[in-house]
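With this note's numbering applied, the sequence shown covers 1152 to 1470. Data block below; observations after.
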Amino acid sequence: MKPVVLVTRKLPEAVEDRLRRDYQPRLNPDDRLYSRDALIEAAAGADAIIPCHTERFSAEVIARLPASVRIIANFSVGYDHVDVEAAKGRGLVVTNTPEVLSDATAELTILLMLGAARRAGEGERLVRTRAWRDWSPSFMVGTQVSGKRLGIVGLGRVGRVTARRARGFDMEIHYHDLQRLPSDLEAGAIYHPTPEDLMPHCDFLAFHCVATPQTRKMLNSDRIALLPPGAIVVNASRGAVIDDEALIAALKSGKVAADGLDVYNNEPDIHPEYRELPNTFLMPHIGSATKETRDAMGFRALDNLDAFFAGREPKDRVA
Ligand code: 8YV
């Protein structure tokens, strides 16, 4: 008997085709969002779940999952939506989809840097609303990206691709991570052992770290105060790493010239002031949203499922 797999969201066609071939999938063709209770109900009799970051597996949800469920094979690299300790406690295997989305997420980060620095949101709004009337040497003057210093928090797989792309703009790369990387991975990036050491070197600051209790509100008012005046902040990791009130105050005062955000606290009900400010460049959590990457994420989740049901260790096991 093929294992039963609950798939919480509509996945790319090629991924769903493979699911139909190898499993008994419970698909979600209308892509409706499951409530917590509906998710638990839909998992009845399932052997596995493929969720996205839109489903939260708190300790309470994990405790209520039917005993038949043995693996959560996430369609995401981030797994902060899963209480990993609770999963381990129940003997549930958890996997993620690293590597395959690094290029797409780094591309989006570069877009955020360019969009925020060159005021792309403002410019687009001006043209679209027919409010563009004139041109002058002082019109829509932004911040040049080329040759500036980019500070990266978390020089992991995505951070390193962002660094490579940014070098194409002759940027000098600085980084903070829990540990200094070997020099072949650093590729000339300058290590700072604490976020406080990193901040003064960031004309641009990009987050590529995971959301944990330790990184929650990592960008707070004390650290913003250490940034050079007119720094630009971008985030394509998780909203939790930013203290929204502190960043909004800095965007208003000009201490931070602009930000580019793809991820937020409490998505999609983001802090309303981000929408009101002119110097924010805002994307709706689309870091990995390319056809190539979404296919690859699905296949990677299925590779993990295939290994698990063949009695092998899934490659991307995180619990
Ligand atoms: C996805 C992401 O869009 O993989 C992640 O961690 O944040 C995004 O790339 C989303 O999480 C898919 O579930």
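Positions of the beta carbon are idealized from the N, C-alpha and C atoms, including for glycine. If you're wondering where the values come from, they're calculated on a predicted model, not measured in any experiment.
Check whether residue 1307 and residue 1360 have beta carbons under 9 Å apart: Position 156 of the sequence shown, counted from the start, is the residue given in the question as residue 1307. Position 209 of the sequence shown, counted from the start, is the residue given in the question as residue 1360. A distance below 9 Å separates the beta carbons of residue 1307 and residue 1360.
Just tell me which of 1385, 1202, 1172 and 1171 has its CA closest to the CA of residue 1186. Locating residue 1186 in the sequence shown gives position 35, counting from the first residue. Here the closest residue by C-alpha is 1202.
If distances are taken between C-alpha atoms only, which option among 1163, 1154 and 1210 comes closest to residue 1195? Taking the sequence shown and counting its residues from 1, one reaches residue 1195 at position 44. Comparing Cα positions, the closest option is 1154.
At what residue ranges does the segment 1202-1278 contain a whole run of the beta strand (DSSP E), taking only runs of 3 or more? Restricted to the segment 1202-1278, the beta strand (DSSP E) segments that are unbroken, complete and at least 3 residues in length are 1222-1224 and 1244-1246, listed in chain order.
Is residue 1200 closer than 9 Å to residue 1184 when the C-beta atoms are compared? Position 33 of the sequence shown, counting from 1, holds the residue named residue 1184. Position 49 of the sequence shown, counting from 1, holds the residue named residue 1200. Taking 9 Å as the cut-off, the beta carbon of residue 1184 is found no closer than this to the beta carbon of residue 1200.
How about residue 1439: is its Cβ closer than 8 Å to a heavy atom in the ligand 8YV? Counting from 1 along the sequence shown, the entry for residue 1439 is found at position 288. Yes, Cβ of residue 1439 sits closer than 8 Å to a heavy atom of the ligand 8YV.
Cα-Cα separation, residue 1442 to residue 1208: Within the sequence shown, residue 1442 is the residue found at index 291, counting from 1. Within the sequence shown, residue 1208 is the residue found at index 57, counting from 1. Their Cα atoms are separated by approximately 27 Å.
Please return the same chain residues whose Cβ sits closer than 8 Å to the Cβ of residue 1468, not counting the five positions on each side in sequence. Taking the first residue of the sequence shown as position 1, residue 1468 is located at position 317. If we look at residue 1468 and ignore the five residues flanking it on each side, its Cβ neighbours are 1244, 1245, 1246 and 1455.
Delimiting residues of the alpha helix (DSSP H) encompassing residue 1303: For the purposes of this step, residue 1303 is taken as residue 152 along the sequence shown, with counting starting at 1. Segment 1300-1304 is the beta strand (DSSP E) holding residue 1303; no alpha helix (DSSP H) there.
Can you give the Cα-Cα distance for residue 1382 and residue 1225, rounded to whole angstroms? For the purposes of this step, residue 1382 is identified with residue 231 of the sequence shown, where counting begins at 1. For the purposes of this step, residue 1225 is identified with residue 74 of the sequence shown, where counting begins at 1. Taking C-alpha positions only, residue 1382 is separated from residue 1225 by approximately 35 Å.
Residue 1312: beta carbon under 8 Å from a heavy atom of the ligand 8YV? Locating residue 1312 in the sequence shown gives position 161, where the first residue counts as 1. No, Cβ of residue 1312 sits at least 8 Å from all heavy atoms of the ligand 8YV.
Tell me whether the beta-carbon of residue 1338 lies closer than 9 Å to the beta-carbon of residue 1314. The residue given as residue 1338 occupies position 187 in the sequence shown. The residue given as residue 1314 occupies position 163 in the sequence shown. Yes, they are a contact pair.
Alpha-carbon spacing of residue 1296 relative to residue 1369, whole angstroms: The residue you call residue 1296 lines up with position 145 of the sequence shown. The residue you call residue 1369 lines up with position 218 of the sequence shown. Each residue's Cα considered, the two are about 24 Å apart.
Between which two residues does the alpha helix (DSSP H) containing residue 1455 stretch? Taking the first residue of the sequence shown as 1, we reach residue 1455 at position 304. Run containing residue 1455: 1442-1460, per the alpha helix (DSSP H) assignment.
Could you spell out where the beta strand (DSSP E) holding residue 1418 opens and where it closes? Counting from 1 along the sequence shown, the entry for residue 1418 is found at position 267. Where residue 1418 is concerned, there is no enclosing beta strand (DSSP E), because DSSP gives it neither an H nor an E.
Apply the 10 Å Cβ neighbour rule to residue 1459 and answer buried if 16 or more other Cβ atoms are within range, or exposed otherwise. Translated into the one-based positions of the sequence shown, residue 1459 becomes position 308. When all chains shown are included, residue 1459 counts as buried.
Spatial distance of residue 1276 from residue 1221 (CA atoms): Translated into the one-based positions of the sequence shown, residue 1276 becomes position 125. Translated into the one-based positions of the sequence shown, residue 1221 becomes position 70. Straight-line Cα distance between these residues: approximately 49 Å.
Are the C-beta atoms of residue 1173 and some chain B residue less than 9 Å apart? Here there is only one protein chain, and chain B is not present.
Taking all protein chains shown into account, do 16 or more other C-beta atoms lie within 10 angstroms of the C-beta of residue 1350, making it buried, or fewer, making it exposed? Locating residue 1350 in the sequence shown gives position 199, where the first residue counts as 1. Classification for residue 1350: buried.
Does the beta carbon of residue 1138 fall short of 8 Å from some heavy atom of the ligand 8YV? Coverage of the chain is limited to positions 1152 through 1470, which leaves residue 1138 absent and any answer about it impossible.
Could you check what DSSP says for residue 1323 in three-state terms: helix, strand or coil? Taking the first residue of the sequence shown as position 1, residue 1323 is located at position 172. Correct three-state label for residue 1323: strand.
What residue from 1293, 1446 and 1384 has the CA that sits closest to residue 1397's CA? If you number the sequence shown from 1, residue 1397 lands on position 246. The shortest C-alpha separation from residue 1397 is found at 1384.
Would DSSP call residue 1431 helix, strand or coil? As a first step, residue 1431 is located in the sequence shown; it is residue number 280 there, counting from the start. Looking at residue 1431 - three-state DSSP - the assignment turns out to be strand.
Ignoring anything shorter than 3 residues, give me the beta strand (DSSP E) runs that lie fully in the segment 1387-1413, in order along the chain. Runs of the beta strand (DSSP E) inside the segment 1387-1413: 1407-1412.
Where does residue 1165 land, buried or exposed, given buried means 16+ other C-beta within 10 angstroms? As a position in the sequence shown, residue 1165 is number 14, starting the count at 1. Exposed: under 16 other Cβ atoms inside 10 Å.
Nearest residue (CA-CA) to residue 1240, options 1335, 1179 and 1211: Translated into the one-based positions of the sequence shown, residue 1240 becomes position 89. Closest option to residue 1240, Cα to Cα, is 1211.
Just how far apart, CA to CA, sit residue 1303 and residue 1263? On the sequence shown, residue 1303 is found 152 positions in, with the first residue counted as 1. On the sequence shown, residue 1263 is found 112 positions in, with the first residue counted as 1. The alpha-carbon atoms of residue 1303 and residue 1263 are separated by roughly 14 Å.
Report all residues from its chain with a CB closer than 6 Å to the CB of residue 1430; omit the five preceding and five following residues, and keep chain order. Looking up residue 1430 in the sequence shown gives position 279. Excluding residues within five positions, the ones whose Cβ falls inside 6 Å are 1402 and 1409.
Could you check the C-alpha separation between residue 1378 and residue 1261 for me, to the nearest Å? If you number the sequence shown from 1, residue 1378 lands on position 227. If you number the sequence shown from 1, residue 1261 lands on position 110. The straight-line gap separating the alpha-carbon atoms of residue 1378 and residue 1261 is approximately 20 Å.
Applying the 10 Å Cβ sphere with the 16-neighbour rule, what's the burial state of residue 1417? Here residue 1417 corresponds to residue number 266 of the sequence shown, with the count starting at 1. Exposed is the label assigned to residue 1417, since fewer than 16 other Cβ atoms lie within 10 Å of its Cβ.
Would the C-beta of residue 1248 count as close to the ligand 8YV, meaning under 8 Å from any of its heavy atoms? Counted from its first residue, the sequence shown places residue 1248 at position 97. In this structure, the C-beta of residue 1248 approaches the ligand 8YV to less than 8 Å from one of its heavy atoms.
Collapsed DSSP secondary structure at residue 1331 in the structure displayed: On the sequence shown, position 180 is the one that residue 1331 refers to. Coil.
Helix, strand or coil: which one does DSSP assign to residue 1200? Counting from 1 along the sequence shown, the entry for residue 1200 is found at position 49. Correct three-state label for residue 1200: strand.
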